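A quick write-up on the structure given underneath.
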Amino acid sequence: MRRALLPVLTSGALVLVLLAAAVVANESSWAGAEQLVLAQVAAYGLVPYAFLAGLLRSRLARASVADLVVQLGGPVAPGSLRDSLARALGDSSLEVAYWLPESATYADAAGRPVSLPPDDSERTVTAVERGGVRVAALIHDPGLREDPELLQAVGAAAGLALENERLQAELRAKLDELRASRARIVQAGDSERRRLERNLHDGAQQRLLALSFLLGLAESAPPGESPAVAKLAREAKEQVVQAIEELRELAHGIHPTILTDRGLAVALQTVAARSPVPVALSVDPERLPGSIETAAYYLVSEAIANATKHASANRIDVKVARTNGKVSIEVADDGVGGASAAAGSGLKGLIDRIEALDGTLFVTSPACAGTTIRAEIPCA
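Per the numbering used here, the sequence shown runs over residues 7 to 386.
Set out below in structure tokens:
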């Protein structure tokens with residue numbers, strides 16, 4: 007209402023100024039007094055038009071609120087609520103922050119955190135409540151404070167839509183939090199695997215190697231020594247060598263050192279060399295972020311193992327490439343097909359790992375036509 011009366015108040019103030027000037031001019035016999043009187047008359051004539059302009063502005067404000075009610079009466083497209091509110095308030099810079107009661111913070115429609123501007127900012131914040139419960143905050147031009155009735159009307163008209171959008175924002179924020187939590191769990195698991203691999207390599211494995219060396223010395227003792235001791239030393243050395251191999255396999259399964267030291271391409275060459283089924287590799291040599299290299303390594307290793315054990319494959323093709331901000335990983339075999347991500351925990355665990363990195367994994371496996379596993383992971 008205050009904004010609607012602004013033209014009337016402005017023209018009225020102009021009339022008063024001209025009236026005062028005319029009085030002073032008449033008393034001082036100023037030559038321009040007649041022009042001041044004419045200007046005063048013209049200003050009087052502007053008052054009705056100013057009044058009409060104020061009424062028109064008020065009507066337009068009411069019409070914008072009415073249009074808002076009509077727009078929100080039907081389905082509201084995602085992201086369109088802010089635009090509708092901005093048009094109703096006449097503020098294209100309007101921002102909407104939704105209240106998240108669990109964390110006592112605000113978020114935008116996508117669930118991203120939003121900080122309200124401080125009191126001394128050039129922006130103004132108006133809280134929106136529904137049934138006495140905080141729903142959202144409108145961050146708008148300070149000029150709208152001159153029309154609190156419009157703000158109140160818009161807030162009341164959009165209350166239900168804001169509450170629905172708030173629930174959507176809360177859900178998106180929880181999904182983002184869940185993805186971040188899954189990523190932290192995967193990262194913590196990878197860190198623990200690396201720690202165990204280092205401990206095995208630097209601890210038990212080194213001691214076994216030293217023991218194997220000592221047993222080798224005992225085995226090569228002079229012929230005059232007891233042959234029984236040499237035989238026992240030889241048997242003990244064989245068992246130690248076997249234990250070392252088993253320990254290396256265990257450490258490799260926990261986390262391959264070669265992946266950390268030399269990268270994905272070299273690590274996958276090692277995997278392919280151990281496969282009884284021929285594997286054709288096409289892997290970009292550039293290093294990738296550690297979490298992506300680890301995910302790709304385990305995906306390819308699991309896919310090759312599945313193709314070897316279950317698919318009766320004669321050939322496996324592996325492709326890893328980085329294009330357009332994504333890393334694509336594809337493993338295809340010519341086996342019997344019929345694989346399913348839900349059939350075993352191996353692929354299901356890989357799906358969790360890929361999704362924790364905001365990636366996607368697809369399995370295409372028609373019967374008697376081979377299996378293709380493809381994953382895409384964002385990599386800026």
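Each residue gets a CB set at the ideal place from its N, CA and C atoms; glycine is no exception.
What you are looking at is a predicted structure, and each value in this text was computed from that prediction instead of being measured.
Item                                                                                               : Value
Alpha-carbon to alpha-carbon, S121 and A113                                                        : 8 Å
Rounded separation between Q275 and D290 - CA only                                                 : 12 Å
Helix, strand or coil at R151 [DSSP, three-state]                                                  : helix
For L106: DSSP bridge partner residues                                                             : T111
Selected residue, minimal CA-CA separation from L243, among V131, S218, N320, E108                 : Per the sequence presented here, residue 243 reads as Lys, with Leu not at that position. Measuring from the Cα of K243, the nearest candidate turns out to be S218.
Buried versus exposed, by CB contacts within 10 Å (16 or more), T300                               : buried
Host beta strand (DSSP E) of L122 (start-end)                                                      : Counting along the chain, L122 falls outside any beta strand (DSSP E), and DSSP gives it neither H nor E.
Minimum length 4: unbroken alpha helix (DSSP H) runs contained in the segment 295 to 363           : 296 to 316, 351 to 362
6 Å CB neighbourhood of G161 in its chain, flanking five on each side removed                      : V134
Assigned exposure category for S35 - 16 Cβ within 10 Å defines buried                              : Low confidence applies here, because S35 scores a pLDDT of 49, under 50, leaving its location unreliable and the question unanswered by this model.
CA-to-CA distance, K354 to L202, given in whole angstroms                                          : 24 Å
Cβ pair V333, L287 closer than 8 Å                                                                 : no
Unbroken beta strand (DSSP E) run spanning V277, endpoints                                         : It is not in any beta strand (DSSP E) - V277 instead sits in the alpha helix (DSSP H) that spans 270 to 280.
Beta-carbon proximity check, D3 vs R188, cutoff 8 Å                                                : The chain is shown from 7 up to 386; residue 3 falls before or after that span and cannot be answered.
Where the beta strand (DSSP E) containing S288 begins and where it ends                            : 285 to 289
L156 vs L100 beta-carbon contact at 8 Å                                                            : no
Identity of the residue in R178, Y303, T378 nearest T370 by Cα                                     : T378
Environment of G365 [buried if 16+ CB atoms lie within 10 Å]                                       : buried
Inside the segment 152 to 194 only - beta strand (DSSP E) runs reaching at least 3 residues        : none
CB-CB length for A317 against G341, believed under 8 Å                                             : 3 Å
Counted within 10 angstroms of its Cβ, other Cβ atoms place N312 as buried (16 or more) or exposed : buried
Boundaries (first-last residue) of the beta strand (DSSP E) holding L144                           : 139 to 146
Whether V414 touches A309 by CB criterion (8 Å)                                                    : Nothing can be reported for residue 414, as the shown portion of the chain is limited to 7 through 386.
Element boundaries [alpha helix (DSSP H), containing L95]                                          : 86 to 95
Alpha carbon of V182 to alpha carbon of Y104, nearest angstrom                                     : Strictly speaking, residue 182 in this sequence is Asp, with Val absent from that position. So the two alpha carbons sit approximately 16 Å from each other.
Sub-8 Å separation of A179 and L87 beta-carbons                                                    : no
Three-state secondary structure (DSSP) of P384                                                     : strand
Contact check, D147 vs S297, beta carbons under 8 Å                                                : no
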